[in-house]
Structures are given as structure tokens and as C-alpha cells.
Amino acid sequence: MEFENFADIEEKRSDVFEVRLEEALKFKNLGNDFYKSNDLFNAEYFYHVGLFHIDFDQLQWNFELIDKHREAVLEIKNPICLNLAMVRIKLENYRKAIDLCNEVLKEDKENVKALYRKALAYKGLRLFEEAFEYASRAFKANPSDTSIRSLRKEIRELLKRDRARSDKFWKGKLLPKTKKFSLFRALSIRNPLNLHFRVFPLLF
């Protein structure tokens with residue numbers, strides 16, 4: 001995961017695939033415990049370490065791992081990404097939350113939790129067009145979910161208000177006001193001595 005910087009982690013990764021899965025699962029569970037106690041900073045750290053243990057580069061992922069290995073990784077990786085995304089939304093680190101949701105959506109394009117949390121992150125950034133798009137996709141995938149329905153409705157109202165404010169702000173600012181043409185005024189400007197009365201006596 002290029003967006004996730006693991007430079008802060010001092011421990012080493014095992015070369016044994018099964019050990020790496022076990023470590024990732026252990027840190028995922030630790031992250032869950034801290035999240036439940038509302039300790040977001042420790043939850044973020046342990047989820048982050050969990051991802052470190054199952055971070056495989058593209059060469060390893062595509063050529064060294066077989067299908068069953070990739071499936072085993074995703075069973076742990078996707079929940080960690082989604083949980084960490086929720087933590088970062090609460091910490092108002094919305095861009096990194098979006099990156100994590102995208103990581104899940106790469107392999108599972110209609111993952112409802114990823115779509116929902118991506119909508120939440122875009123709402124936090126006040127990017128209501130994007131937020132409504134992903135909330136709508138989540139709603140389409142699971143229309144019975146009350147949280148998704150409520151979020152979509154909220155974003156729709158925010159989008160309406162935002163558009164109304166924008167329309168009000170820009171009204172009359174994009175095009176200069178045109179003045180009503182007056183032949184009398186035009187001639188007066190060109191002939192300050194009112195000579196046009198002699199040239200066009202029948203006009204006035």
C-alpha cells in the first residue's frame with residue numbers, strides 16, 4: 001500500500017506467510033479492543049501495524065501468492081482497512097480514510113462498508129457531490145440499511161444548501177450588467193456642446 005507509510009514501525013516481518021497472517025490478526029484484534037474503549041490513537045496504531053504484516057508488494061501479490069493465499073490475506077486486510085478508515089474519519093483524517101476505502105474497493109468494487117465510509121469521508125471534506133455519489137452506490141447495494149439511507153438523505157440536503165448558496169453568491173457576478181442604450185446619452189457624450197440638436201433637429 002503505497003499510501004500507507006510504515007516507516008514508524010520498528011519490528012520486523014516474518015518471511016513465513018502463515019506467521020504474517022497470525023500477526024496481522026493479532027494486531028487487528030488489539031485495534032478492535034482499543035476502538036471499543038474509544039482509544040482512537042491506539043486503535044489507529046495497532047490497525048496500522050496489522051496492515052504492515054500483510055503488506056505485499058505488487059510482485060509478491062501477483063506472482064508469489066496463489067489465489068487461496070490472496071483470499072486469506074483479504075479476509076484480514078479488508079476488515080482492518082475498513083476499521084482503520086472509520087478511526088481516521090473520527091480523527092478527521094479524511095484523505096487517508098478515502099485511500100483505505102479505495103484499497104478495499106480495488107478488490108471488491110461494491111463493498112457496502114467501503115462505499116459508506118468513503119461517503120462519510122467526502123462529507124467530512126465538504127465534497128458533497130462525491131459524498132452523494134458514494135452514498136447512492138451504498139444505498140443501491142443495500143437499500144434496507146437505515147444508516148446508509150439516513151446518510152444519503154443528509155448529504156442530499158447539504159448538497160441542496162451548498163448549491164443554493166453557490167447560486168446566490170454567483171448570481172449577477174459572472175456577466176456584467178448591460179445598460180439600456182440611449183441615443184440621446186450617446187450623442188451627448190460625443191457632442192458635449194449639444195451640436196446634435198442642429199444636426200438632427202427632428203429627433204428631439
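Letter by letter, the sequence shown follows residues 1 to 204 in the UniProt record's numbering. All residues carry an ideal CB built from backbone N, CA and C; glycine is no exception.
Asked, Found
"Please specify which runs of the alpha helix (DSSP H), each continuous and at least 4 residues long, are wholly inside the segment 47–108, giving them in chain order.", "67–90, 94–107"
"To the nearest angstrom, how far is the alpha carbon of ALA131 from that of LEU120?", "7 Å"
"For PHE52, count neighbouring Cβ atoms within 10 angstroms of its own Cβ and tell me buried if that reaches 16, exposed if not.", "buried"
"Is VAL16 buried or exposed, if buried means 16 or more other CB atoms sit within 10 Å of its CB?", "exposed"
"Is DSSP giving LEU202 helix, strand or coil here?", "For LEU202, the pLDDT reaches just 44, beneath the cut-off of 50, and the residue's location in the model is therefore unreliable, leaving the point undetermined."
"Could you compute how far the alpha carbon of ASP39 sits from the alpha carbon of LYS168?", "43 Å"
"Kindly provide the ranges of any beta strand (DSSP E) runs that are 3 or more residues long and lie completely inside the segment 98–158, ordered along the chain.", "none"
"Whose C-beta lies closer than 7 Å to the C-beta of ASN5 among residues of the same chain, with five residues either side of it excluded?", "none"
"Does the distance from the C-beta atom of VAL87 to that of ALA24 stay below 7 Å?", "no"
"Using DSSP with H/G/I as helix, E/B as strand and the rest coil, what is ARG20?", "helix"
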